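Undergrad:
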Amino acid sequence: MVLSMIKIIFEIPEASSIKDKRRIVKSVTDKLQRRFRMSAAEVDLLDSISFAQIGGALVSNSRAHGEKVLQKAFKTIEEEIPVRIQDMHIYSQEF
Numbered sequence: 003m004v005l006s007m008i009k010i011i012f013e014i015p016e017a018s019s020i021k022d023k024r025r026i027v028k029s030v031t032d033k034l035q036r037r038f039r040m041s042a043a044e045v046d047l048l049d050s051i052s053f054a055q056i057g058g059a060l061v062s063n064s065r066a067h068g069e070k071v072l073q074k075a076f077k078t079i080e081e082e083i084p085v086r087i088q089d090m091h092i093y094s095q096e097f
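According to this note's numbering, the residues represented by the sequence shown are 3 to 97, in order.
(1) Could you have a look at F53 and say whether DSSP puts it in helix, strand or coil?
(2) Under DSSP, the alpha helix (DSSP H) around A66 begins and ends at which residues?
(3) Within a Cβ cutoff of 6 Å, which residues of the same chain sit near L72, ignoring the five residues on either side of it in sequence?
(4) Hey, out of V30, F38, N63 and R37, whose CA is closest to E44's CA?
(5) Tell me whether F97 is buried or exposed, calling it buried when 16 or more other Cβ atoms sit within 10 Å of its Cβ.
(6) Given this structure, state the Cα-to-Cα distance separating V27 from A54, to the nearest angstrom.
(7) Tell me which residues share the same chain as E82 and place their Cβ nearer than 8 Å to its Cβ, disregarding the 5 neighbours each side in the sequence.
Right under this line is the structure:
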């Protein structure tokens with residue numbers, strides 16, 4: 003069993019309140035969960051208005067498959083959501 007994880011930190015330039023930020027973050031996590039069948043949640047920077055950190059995880063039987071899906075998820079955020087990516091890491095752990 004392989005657990006592949008992604009951590010993304012991004013800036014939300016159009017957010018003027020925590021409510022705006024949470025709306026965008028919820029949109030991102032919902033899209034990741036629906037489209038890529040992965041777990042996703044805001045994991046840090048909860049009180050920041052203009053920055054968010056999202057974590058995501060996917061269980062599969064192959065490191066290559068898990069990391070490929072997470073790369074596609076990252077590309078989706080990059081292309082479809084109005085945010086500026088600050089940092090991104092993908093890593094896998096075999097159990």
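Using N, Cα and C, we set each Cβ at its ideal position, and we do this for glycine too.
What you are looking at is a predicted structure, and each value in this text was computed from that prediction instead of being measured.
TA: Based on what the coordinates show:
(1) strand
(2) R65 to E82
(3) Its chain contains S6, I8 and I92 as the residues whose beta carbon lies nearer than 6 Å to that of L72, once the 5 sequence neighbours on both sides are disregarded; these appear in chain order.
(4) V30
(5) exposed
(6) 7 Å
(7) K33
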